[in-house]
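J.: Pasting a structure below so you can have a look.
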Amino acid sequence: MANRAAPHGRRCKLPAPATFAPDRPPSTIVRDDPVFEDEQKMQRLSVGVLIMGVAIVSTAAVLIRLAEAPKLSVAFWRITIAALLLLPVWLRPQRRAAIQALSGQQKWSLIGAGFFLGVHFATWILSLAYTSVAASVLLVTTNPVWVGLMSPWILGERLPRRTWFGIIVALSGTAIVGMDFQSGDFSNPALGNMLALCGAIAMSCYLLFGRRVRPSLDIWTYTSATLLVAWCVLAGTILATQTPIHGFPRQDWLVFTALALGPQLLGHGSLSWVLRYIRAEMVAVALLAEPIGSAVLAWVILSEIPGQGVWFGGPILILGIGVVVLGKRPKGLEKSGRAS
3 MANRAAPHGR RCKLPAPATF APDRPPSTIV RDDPVFEDEQ KMQRLSVGVL
53 IMGVAIVSTA AVLIRLAEAP KLSVAFWRIT IAALLLLPVW LRPQRRAAIQ
103 ALSGQQKWSL IGAGFFLGVH FATWILSLAY TSVAASVLLV TTNPVWVGLM
153 SPWILGERLP RRTWFGIIVA LSGTAIVGMD FQSGDFSNPA LGNMLALCGA
203 IAMSCYLLFG RRVRPSLDIW TYTSATLLVA WCVLAGTILA TQTPIHGFPR
253 QDWLVFTALA LGPQLLGHGS LSWVLRYIRA EMVAVALLAE PIGSAVLAWV
303 ILSEIPGQGV WFGGPILILG IGVVVLGKRP KGLEKSGRAS
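Numbering of the sequence shown is given in my numbering, commencing with residue 3 and proceeding in unit increments.
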């Protein structure tokens, strides 16, 4: 371009166009970036932690079956020990201040979440006294289905057709598993299956109540607060049913401690941590391996073989839940999970 005449007869040159000359080839700009490498490392680490978390929560049902104590006592001591371990978290002033800063509606939602968490533990753990590990864990894992069914009524959210299809498939599998009353040497499979389903519905209510308050609290404050309310529910149940909470063999106390440290804190703590790096639906899909892991452990440790209903209905149920959690899910399903 020709130089333009400047005022007063002076001439000036326009600056040359800027050019991009990176210090390194474009192909290495991202790959050699330390931030990118750190993210890749965290992704690999989070996958390993996810696998570990699913493996740990898969041990819960077998540990519960190994205890000779009444199942309500198992639920009570599992929550009691976990709550005591989290007591230092609760005693920190900033944690209590965060609770006090909640609105009235959020506080009631927090209480509701803790209440249904207690109901979940009471009903699901009690189900293992009457039905097989495989049937119990399969049925209690259906909580994404119940969250999906309740979301249109409670949250006013529309479900896509794909999600409805998954719900129908999952309910078909649930019916096959839940109505298998004759297989296996168990005291009352019908009652056990019903209790496991109640545990799944209670977990769904826990998730729906928690959705209203969870964004306002960090994970440890929320966990310790809901565990405290759940403990009150279980303590009330123990008193109402006059279930003993002492006089158990040493093995049972080891089981109580293992349940609190393993599935309750380490297992679900790991799953909560990986949500920072892995999408929630991928974590939910990974949790579909829990019924399989629990059934394998029950077969190896307890010599427990699932009934025909589990063999036929289980794959259908898992397929349906997979379609539900992988569909274009509403917000009520984003953090679906369970507290085995």
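From the three backbone atoms N, C-alpha and C, an ideal C-beta is built for every residue, glycine too.
1) Give me the Cα-Cα distance between Asn195 and Gly180, rounded to the nearest whole angstrom.
2) What is the residue span of the alpha helix (DSSP H) that Ala115 lies within?
3) Between which residues of its own chain and Val325 is the CB-CB distance below 7 Å, once the five residues before and five after are set aside?
4) Among Trp155, Leu209, Ala192 and Leu230, which has the Cα closest to the Cα of Pro146?
5) Buried or exposed: where does Ser138 fall if 16 or more other Cβ atoms within 10 Å of its Cβ makes it buried?
6) Taking buried to mean at least 16 other C-beta atoms within 10 Å of its own C-beta, is Gly50 buried or exposed?
7) Is the Cβ-Cβ distance between Ser75 and Pro246 less than 8 Å?
8) Once you ignore the five residues that flank Leu267 on each side, which residues in its own chain have a CB closer than 7 Å to its CB?
9) Take the Cβ of Lys43 as the centre, count every other Cβ of all protein chains shown within 10 Å, and call the residue buried at 16 or more, exposed below.
10) Alpha carbon to alpha carbon, how far is Leu328 from Thr143?
11) Looking at the structure shown, is Asn190 part of a helix, part of a strand, or coil, going by DSSP?
12) Closest to Thr223 by C-alpha separation, out of Gln96, Leu321 and Ile127, would be which residue?
13) Assign Gly329 to one of three DSSP states: helix, strand, or coil.
14) Give a yes or no on whether the C-beta atoms belonging to Gly212 and Ala115 are separated by under 8 Å.
15) Are at least three pairs of beta-carbons, each pair with one atom in the region 233 to 248 and one in the region 67 to 81, less than 8 Å apart?
16) May I have the straight-line CA-CA distance separating Pro162 from Ser153, to the nearest angstrom?
17) To which residues of the same chain is Ser129 closer than 6 Å at the C-beta, ignoring the five residues directly before and after it?
18) Take Gln244 as the anchor and find which of Ile58, Phe314, Phe78 and Trp155 has the nearest alpha-carbon.
T.: From the atom records:
1) Looking up residue 195 in the sequence shown gives position 193. Looking up residue 180 in the sequence shown gives position 178. Their Cα atoms are separated by approximately 6 Å.
2) If you number the sequence shown from 1, residue 115 lands on position 113. Taken as a continuous stretch (DSSP letters only), the alpha helix (DSSP H) holding Ala115 covers Gly106 to Ser129.
3) The sequence position of residue 325 within the sequence shown is 323, counting from 1. Closer than 7 Å at the Cβ level, and outside the excluded window around Val325, lie Arg164, Phe167, Gly168 and Val171.
4) For the purposes of this step, residue 146 is identified with residue 144 of the sequence shown, where counting begins at 1. Checking every option, the nearest Cα to that of Pro146 belongs to Leu209.
5) For the purposes of this step, residue 138 is taken as residue 136 along the sequence shown, with counting starting at 1. When all chains shown are included, Ser138 counts as buried.
6) Counting from 1 along the sequence shown, the entry for residue 50 is found at position 48. It is exposed - the Cβ of Gly50 has fewer than 16 other Cβ atoms within 10 Å.
7) Position 73 of the sequence shown holds residue 75. Position 244 of the sequence shown holds residue 246. Yes.
8) The residue you call residue 267 lines up with position 265 of the sequence shown. Residues Ala84 and Leu87 of the same chain have their beta carbon placed closer than 7 Å to that of Leu267, with the five preceding and five following residues left out of the count.
9) Within the sequence shown, residue 43 is the residue found at index 41, counting from 1. It is exposed - the Cβ of Lys43 has fewer than 16 other Cβ atoms within 10 Å.
10) On the sequence shown, position 326 is the one that residue 328 refers to. On the sequence shown, position 141 is the one that residue 143 refers to. Taken atom to atom, the span from the alpha-carbon of Leu328 to that of Thr143 is near 15 Å.
11) Translated into positions along the sequence shown, residue 190 becomes position 188. Coil, per DSSP.
12) Here the question's residue 223 lines up with position 221 in the sequence shown. The candidate whose alpha carbon is nearest that of Thr223 is Gln96.
13) Reading the sequence shown from its first residue, position 327 is the one you call residue 329. If DSSP states are grouped into helix, strand and coil, Gly329 belongs with coil.
14) Start at 1 with the first residue of the sequence shown, and residue 212 comes out as number 210. Start at 1 with the first residue of the sequence shown, and residue 115 comes out as number 113. Less than 8 Å separates the beta-carbon of Gly212 from that of Ala115.
15) These segments touch.
16) If you number the sequence shown from 1, residue 162 lands on position 160. If you number the sequence shown from 1, residue 153 lands on position 151. Distance from the CA of Pro162 to the CA of Ser153, rounded to the nearest whole angstrom, comes to 12 Å.
17) Within the sequence shown, the letter at position 127 stands for residue 129. Around Ser129: Ser138, Gly194, Leu197 and Ala198.
18) Residue numbering aside, residue 244 sits at position 242 when the sequence shown is read from its first letter. Gln244 has its Cα closest to that of Phe78, out of Ile58, Phe314, Phe78 and Trp155.
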